[in-house]
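The listed protein sequences derive, respectively, from chains Y and R.
With my numbering, letter number 2 in the first sequence gets 2, and the count goes up by one each step, no holes.
With my numbering, letter number 94 in the second sequence gets 94, and the count goes up by one each step, no holes.
Virtual Cβ for every residue (Gly too), placed ideally from N, Cα, C.
Below is one structure, written out as structure tokens, with a few remarks after it.
Number of protein chains: 2
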Amino acid sequence: MDIRKFKTSLYKEMSGMTKALGNPHRLEILDLLAQGPAAVEYVALNTNLSVANASQHLQVLKNAFLVESEKRGKYNYYKLANKQVFETWCALRRLGFIQNEEINKLFNDFRKKRKHLKTISTDDLVKKIKTDSVVVVDVRPEEEFKNGHIENALSFPLMELREKISELPKEKEIVAYCRGPLCMMADDAVEFLNQNGYSGSRLEKGYPDWSAGSLPIERDECNQRKEKGKTQGSIY
Amino acid sequence: MDIRKFKTSLYKEMSGMTKALGNPHRLEILDLLAQGPAAVEYVALNTNLSVANASQHLQVLKNAFLVESEKRGKYNYYKLANKQVFETWCALRRLGFIQNEEINKLFNDFRKKRKHLKTISTDDLVKKIKTDSVVVVDVRPEEEFKNGHIENALSFPLMELREKISELPKEKEIVAYCRGPLCMMADDAVEFLNQNGYSGSRLEKGYPDWSAGSLPIERDECNQRKEKGKTQGSIY
DNA sequence: TTTTCATTCAATAGTTTTATTGAATGAAGA
DNA sequence: TCTTCATTCAATAAAACTATTGAATGAAAA
Chain Y
1 MDIRKFKTSL
11 YKEMSGMTKA
21 LGNPHRLEIL
31 DLLAQGPAAV
41 EYVALNTNLS
51 VANASQHLQV
61 LKNAFLVESE
71 KRGKYNYYKL
81 ANKQVFETWC
91 ALRRLGFIQN
101 EEINKLFNDF
111 RKKRKHLKTI
121 STDDLVKKIK
131 TDSVVVVDVR
141 PEEEFKNGHI
151 ENALSFPLME
161 LREKISELPK
171 EKEIVAYCRG
181 PLCMMADDAV
191 EFLNQNGYSG
201 SRLEKGYPDW
211 SAGSLPIERD
221 ECNQRKEKGK
231 TQGSIY
Chain R
1 MDIRKFKTSL
11 YKEMSGMTKA
21 LGNPHRLEIL
31 DLLAQGPAAV
41 EYVALNTNLS
51 VANASQHLQV
61 LKNAFLVESE
71 KRGKYNYYKL
81 ANKQVFETWC
91 ALRRLGFIQN
101 EEINKLFNDF
111 RKKRKHLKTI
121 STDDLVKKIK
131 TDSVVVVDVR
141 PEEEFKNGHI
151 ENALSFPLME
161 LREKISELPK
171 EKEIVAYCRG
181 PLCMMADDAV
191 EFLNQNGYSG
201 SRLEKGYPDW
211 SAGSLPIERD
221 ECNQRKEKGK
231 TQGSIY
């Protein structure tokens, strides 16, 4: 039947996309690329994959039109193909938390172990920024900060927080944010801040969610440049 | 590293869901279940799968918490686990059409072959219903109509349209709708209507989209009942 | 030109997914 | 009780996916 063939082709083509999403590493890669363009080695470092393996996963995502690549100098930068990719990932993330008890448990158990850290919503942060009652701190690696960050946020990469913490004011609330709800960098930062007499809290979601909500951001002009050997892997 | 383990578990758990979505038959099943609860045999008939195979795919979806099942009499009815499942499927569908040229091509080629059929948006239909200038016709199988349909729509299953067409008024515009944008039943209906001197057009999306948009629907009171041997497979 | 090196390619073995088949289950009806 | 039959289960072979390894590519730098 003609219509059967059509439907078979259509759903098959659709599943090309969903198949590409059906792998834990590729989901993690998408979550990372939501921060901005990244080279293969950076992706590999931050996802605990070998370079060859990361490259292959990136190619799978590329063939499914979920990411695009662009050569800059000797690096090949991959990024999400468009906003809808991030929105779809958000829908999946939300679905996971609603439907899968195990995901909730994993998440809550992990966060509880690290004390009860204060969390604030995007709306609350917007209000607090208006009254100038908070300092917003971006704890992601500097590269990601440069690719785009919440307006007026300060870059305090988690790795450098120990050395730089004294630059922060003790009398203001410090709101830390990171890659997103599945990222624990902001939690680590808040715990460390609280231990040192600061009043810290974490933004519930991360930079990509903020940006997707059309809230004010800033971007480094010359984010093309990349110093030799400067690539800093995450500690995880 | 502790955080690495956590992330690995989290993304792995998430991929349980996306893996279940990574198969063309299961996408088609989800699209079908968006119409309402359906028994295994009905799913099998409408997706061109063997009963055993359909059952297995349904179980995969169930283990991923995407669908739920409920025994009624001797039938096992499966349905989408919640609204977010449909919303996620919509996000994926949208992504497919935005990103995948091949999907667009498939779709447009197929529709062009069947003449240029007039399509109207949900908003337009809402307006036209207010001015009472249209007759809305549900061309899905009767079972699906009974599970829920657009308010005041008439049930004209595609299979019975030929016999029942004379019951429709020639002076009003007839708007046909079906399962959704990937379903071609409404197209078939409109083509047949136009060939017979009616002024037909198809609603762009389908019943589940209408319902998800909180637009007015009706539901049969006694949709539990199912007459023996009444199960009508689609013609595809 | 030669060297360097980020990335990709190609081959492979191990694992997972898939469709098919026929049998088993078990609830409803006779 | 026995029969019916919608669904699930179990086994299997074919296909697809995955991580690993080491080599190949090819553009930038020396």
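Counting C-beta atoms within 10 angstroms of its own C-beta, Pro216 (chain Y) has fewer than 16 neighbours from the protein chains shown and is therefore classed as exposed. Bridge pairing for Val135 (chain R): R:Ile174 [DSSP]. Under the Cβ distance rule, Met184 (chain R) counts among the residues neighbouring chain Y, one pair being separated by less than 8 Å. In terms of beta-carbon proximity, Pro157 (chain Y) stays away from the interface with chain R, with every pair separated by 8 Å or more. About 5 Å separates the Cβ atoms of Val175 (chain R) and Val136 (chain R), confirming a contact at the 8 Å cut-off. Out of Y:Leu27, Y:Lys74, Y:Ser15, Y:Ala34, the CA that lies nearest to the CA of His25 (chain R) is found in Y:Ser15. Secondary structure at Leu203 (chain Y): strand, using DSSP grouped into helix, strand and coil.
With a threshold of 16 other beta carbon atoms within 10 Å, Asp188 (chain R) meets it and is buried. With the rule of 3 Cβ pairs closer than 8 Å, the stretch 91-102 of chain R counts as touching the stretch 71-88 of chain Y. By the criterion of a C-beta distance shorter than 6 Å, Met17 (chain Y) is surrounded in its chain by Ala64, once the five residues flanking it on both sides are discounted. Beta-bridge pairing by DSSP links Ala38 (chain Y) to Y:Tyr78. A residue is called buried when at least 16 other Cβ atoms come within 10 angstroms of its Cβ; Thr131 (chain Y) does not meet this threshold and is exposed. Taking 4 residues as the minimum length, the alpha helix (DSSP H) runs contained wholly in the stretch 125-169 of chain Y are 142-147, 161-164, in order along the chain. The beta carbon of Pro181 (chain R) is closer than 6 Å to those of Lys205 in its chain, skipping five residues each way along the sequence. Interface annotation for the stretch 1-25 of chain R against chain Y: Met1, Asp2, Ile3, Arg4, Phe6, Lys7, Thr8, Ser9, Leu10, Tyr11, Lys12, Glu13, Met14, Ser15, Gly16, Met17, Thr18, Lys19, Ala20, Leu21, Gly22, Asn23, Pro24, His25, criterion Cβ-Cβ distance under 9 Å. Rounded to the nearest whole angstrom, the C-alpha separation of Ala39 (chain R) and Arg72 (chain R) is 9 Å.
By the criterion of a C-beta distance shorter than 8 Å, Val43 (chain Y) is surrounded in its chain by Ile29, Leu32, Leu33, Leu49, Ala54, Leu58, Tyr78, once the five residues flanking it on both sides are discounted.
For Phe110 (chain Y), the closest Cβ of chain R is nearer than 8 Å. By the neighbour-count definition (other C-beta atoms within 10 Å, threshold 16), Pro208 (chain R) is a buried residue. Within the same chain, Cβ atoms closer than 6 Å to the Cβ of Asp220 (chain R) are found at Lys146, the five residues on either side in sequence being excluded. Boundaries of the beta strand (DSSP E) around Ser69 (chain R): 67-72. At least one CB of chain Y lies nearer than 8 Å to the CB of Ile98 (chain R).
Excluding five sequence positions before and after Pro157 (chain R), the CB atoms of its chain that fall closer than 7 Å to its own CB belong to Val139, Arg140, Pro141, Glu142, given in chain order.
Going by beta carbons, Ile150 (chain Y) and Trp210 (chain Y) fall inside the 8 Å limit.
Boundaries of the alpha helix (DSSP H) around Leu10 (chain R): 2-21.
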